[in-house]
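Note that the sequence shown covers residues 1 to 82 in my numbering. Positions of the beta carbon are idealized from the N, C-alpha and C atoms, including for glycine.
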Amino acid sequence: MEIRKLTEIPSDEFPLNYWRYNRLMDELRDAARGFERLGGMGWPGGKDLDKRLMSIWSDLHGVWETIQETERQLAALVQDED
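Here it is as C-alpha coordinates:
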(Lines of atoms letter the chains of each structure in order from A and count residues from 1; the text may use other names and numbers.)
(Lines give C-alpha, C1' and ligand atoms only; values in the text may rest on other atoms or scores of the structure.)
Protein backbone atom coordinates (compact mmCIF):
# COMPACT_ATOMS: atom_id res chain seq x y z
CA MET A 1 0.00 0.00 0.00
CA GLU A 2 1.39 3.40 -0.86
CA ILE A 3 2.02 5.96 1.86
CA ARG A 4 -0.62 8.37 0.60
CA LYS A 5 -3.32 5.74 1.09
CA LEU A 6 -2.04 5.05 4.61
CA THR A 7 -2.44 8.71 5.53
CA GLU A 8 -6.02 8.76 4.22
CA ILE A 9 -7.46 6.04 6.48
CA PRO A 10 -10.65 7.46 8.02
CA SER A 11 -10.30 7.99 11.78
CA ASP A 12 -13.21 5.71 12.63
CA GLU A 13 -11.53 2.84 10.73
CA PHE A 14 -8.11 3.24 12.36
CA PRO A 15 -7.33 0.46 14.89
CA LEU A 16 -6.65 2.91 17.73
CA ASN A 17 -8.16 6.28 17.03
CA TYR A 18 -8.40 9.33 19.32
CA TRP A 19 -11.83 8.40 20.68
CA ARG A 20 -10.97 4.76 21.38
CA TYR A 21 -7.66 5.78 22.98
CA ASN A 22 -9.36 8.27 25.30
CA ARG A 23 -12.10 5.81 26.23
CA LEU A 24 -9.56 3.09 27.05
CA MET A 25 -7.42 5.51 29.06
CA ASP A 26 -10.46 6.67 31.04
CA GLU A 27 -11.62 3.10 31.68
CA LEU A 28 -8.18 1.97 32.85
CA ARG A 29 -7.78 4.99 35.13
CA ASP A 30 -11.26 4.57 36.61
CA ALA A 31 -10.68 0.86 37.25
CA ALA A 32 -7.30 1.61 38.85
CA ARG A 33 -8.88 4.25 41.12
CA GLY A 34 -11.62 1.81 42.04
CA PHE A 35 -9.14 -0.86 43.10
CA GLU A 36 -7.10 1.73 44.98
CA ARG A 37 -10.24 2.66 46.94
CA LEU A 38 -11.07 -1.01 47.53
CA GLY A 39 -7.52 -1.58 48.72
CA GLY A 40 -7.99 1.20 51.26
CA MET A 41 -11.12 -0.59 52.47
CA GLY A 42 -9.28 -3.89 52.92
CA TRP A 43 -9.59 -5.59 49.50
CA PRO A 44 -6.52 -7.87 49.31
CA GLY A 45 -4.23 -6.75 46.49
CA GLY A 46 -6.28 -3.66 45.63
CA LYS A 47 -3.28 -1.35 45.69
CA ASP A 48 -1.31 -3.82 43.55
CA LEU A 49 -4.12 -3.95 40.98
CA ASP A 50 -4.19 -0.15 40.94
CA LYS A 51 -0.44 -0.11 40.27
CA ARG A 52 -0.68 -2.77 37.55
CA LEU A 53 -3.58 -1.04 35.79
CA MET A 54 -1.72 2.27 35.86
CA SER A 55 1.30 0.51 34.33
CA ILE A 56 -0.96 -0.61 31.48
CA TRP A 57 -2.29 2.97 31.27
CA SER A 58 1.30 4.20 30.92
CA ASP A 59 2.09 1.59 28.27
CA LEU A 60 -1.00 2.58 26.29
CA HIS A 61 0.07 6.21 26.47
CA GLY A 62 3.44 5.16 24.99
CA VAL A 63 1.66 3.30 22.21
CA TRP A 64 -0.39 6.43 21.46
CA GLU A 65 2.77 8.57 21.30
CA THR A 66 4.28 6.09 18.82
CA ILE A 67 1.13 6.22 16.68
CA GLN A 68 1.19 10.01 16.65
CA GLU A 69 4.88 10.13 15.75
CA THR A 70 4.32 7.63 12.94
CA GLU A 71 1.44 9.73 11.61
CA ARG A 72 3.68 12.82 11.62
CA GLN A 73 6.40 10.94 9.75
CA LEU A 74 3.97 9.60 7.15
CA ALA A 75 2.43 13.04 6.67
CA ALA A 76 5.88 14.51 6.11
CA LEU A 77 6.69 11.84 3.52
CA VAL A 78 3.46 12.56 1.66
CA GLN A 79 4.17 16.29 1.80
CA ASP A 80 7.67 15.69 0.40
CA GLU A 81 6.12 13.72 -2.50
CA ASP A 82 3.94 16.69 -3.46
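Supposed contact pair residue j and residue i - C-beta distance, whole angstroms, cut 8 Å
i     : j     : result
LEU28 : ILE56 : 6 Å
Helix, strand or coil at residue i according to DSSP, with G and I counted as helix
i     : result
MET54 : helix
ASP59 : helix
TRP19 : helix
ASP82 : coil
PHE35 : helix
Cβ pair residue i, residue j closer than 8 Å
i     : j     : result
ALA32 : LEU53 : yes
ARG4  : VAL78 : yes
LYS47 : GLU36 : yes
Outcome for residue i when other beta-carbon atoms lying within 10 angstroms are tallied against a minimum of 16
i     : result
ASP26 : exposed
ASP80 : exposed
ASP50 : buried
Hey, is the stretch 59–66 in contact with the stretch 32–46, meaning 3+ C-beta pairs nearer than 8 Å?
-> no
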